[in-house]
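Numbering (this note's numbering), first residue to last: 131 to 456. What follows is a set of notes on a single structure, which appears directly below.
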Amino acid sequence: HDWTVWKGGPWTQGPTLLQSLNLLAGFDLNAADDVEFVHLVTEAMKLSFADREAYYGDPTQVGIPIDTLLSAEYADARRALISASASTDQRPGRLPGYEHWVDAALAHASEAYQPTDQIGAGEPTMAHLTEKRGDTVHLDVIDRWGNMVSATPSGGWLQSSPVVPGLGMPLNTRAQMFWLEEGLPTSLAPGRRPRTTLSPSMARAPDGSELAFGTPGGDQQDQWQLIYLLRLVHHGMNLQEAIDAPLFHTAHFQSSFYPRETRPGHLMIEPGFGPEAIANLQARGHKIEQAEPWTVGRLTAARRQPDGLLHAAATPRLMQAYAIGR
């Protein structure tokens, strides 16, 4: 469709959005109804995030096969795994020479992790609808000259950055995304960045318009952003319409945050899709968790047209975001 999309490298989860776009290129999303759209996008995200768990990490220290993961040939082979029914399996691709990474990811996903109520555990961002004093934020900025920023700052709170006893220093909250076993792209090592969820986005439309967009939301960030971009491209929505449309995401794959749970087949969906569509998705095998109205997604966006006209949009959900021009 002649769009160009920019994402962070594999030490973020950004390439999952690009992998999902490659997978979905083989389907006619323009003709898909709500049920087919939600199903196809969810199944594509399950495959992309399975690869995240197996292959992503700090490319300055580990040889990540990102070119293969983003190739059309790889997407063609993986696309055949998407059927009319919801998958409940973890299915990372098995690339030659990386089998031990895949086996480790599958082993991690199969382990039963016990949650805790202790301070320092989990992800503040999606502690659903509770009062918070610190959290991930996202901002999109365009200045008068057309310079653009898409940024998702996070991690500066002590709630999930426990102080090491006897040392007086806190661990960064993203350190919980390391594994302590050796030989993996996300193994704990000196100077290595954890594979983070923070994932701002930029894109250029065929008419030359340039877009900065993003959201807080941990593992949901690139899911909501993918859905947003697809609605701009395939559904002809404007910036605000695409944000206001009902959202969904899956926790099928292993969470980035303690207790690192997996919820095979899970699909959280806003009721705006309607009871008939939600029932049809459940009939396909999706394990539905219906969200409260207007609670899924934290998206914002800003766009500059070739003539310099600026547009901005922000989610009304939970009354946390603003679109401002001057």
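In this text, a Cβ means the ideal position worked out from N, Cα and C, and glycines have one as well.
- prompt: Helix, strand or coil: how does DSSP classify Arg447 here?
  reply: helix
task: Using three-state DSSP, classify Ile457 as helix, strand or coil.
output: The structure shown does not extend to residue 457, since the chain is modelled only from 131 to 456, so the question has no answer here.
query: Tell me which same chain residues have a C-beta within less than 8 Å of the C-beta of Leu148, skipping the five on either side of it?
result: Val135, Lys137, Leu200
task: Report the partner residues of His382 according to the DSSP bridge assignment.
output: Its beta-bridge partners do not exist; DSSP assigns none.
message: Within the continuous alpha helix (DSSP H) that includes Val363, where are the two ends?
response: 351-364
Inter-residue CB distance, His169 and Leu411 (contact presumed, cutoff 8 Å): 6 Å
message: Less than 7 Å between C-beta atoms, sequence neighbours within five positions excluded: which residues of the same chain meet that for Ile249?
response: Note on Ile249: pLDDT 47, under 50, position unreliable in the model; the coordinate value appears next. Counting only residues of its own chain and dropping the five nearest sequence neighbours on each side, Ile249 has a CB closer than 7 Å to the CB of Gln289.
task: Using the Cα positions of Arg434 and Asp197, report the straight-line distance between them to the nearest angstrom.
output: 30 Å
field: Complete beta strand (DSSP E) runs within the region 270-325 (minimum length 3 residues, chain order)
entry: 278-281
Distance between beta carbons of Ala421 and Ile373, contact taken as under 8 Å: Actually they do not touch by this definition, with Cβ atoms about 16 Å apart.
message: Can you tell me whether Gln101 is buried or exposed? The criterion is at least 16 other CB atoms within 10 Å of its CB, across all chains shown.
response: Residue 101 is absent from the model: the chain starts at 131 and stops at 456.
query: Mind checking whether Gln304 and Gly285 have CB atoms under 8 Å apart?
result: Reading off the sequence, residue 304 comes out as Arg, not Gln. It is a contact, given that the beta carbons lie within the stated cut-off.
- prompt: How many Å lie between Trp231 and His396 at the Cα?
  reply: If you draw a straight line from the Cα of Trp231 to the Cα of His396, it is about 24 Å long.
task: Report, in whole angstroms, the separation of the C-beta atoms of Pro222 and Thr282, which I expect to be a contact under 8 Å.
output: Not quite, the Cβ-Cβ distance comes to about 25 Å (not below 8 Å), so this is no contact.
message: When you compare the region 330-343 with the region 305-317, are there three or more beta-carbon pairs, one atom per stretch, that lie closer than 8 Å?
response: no
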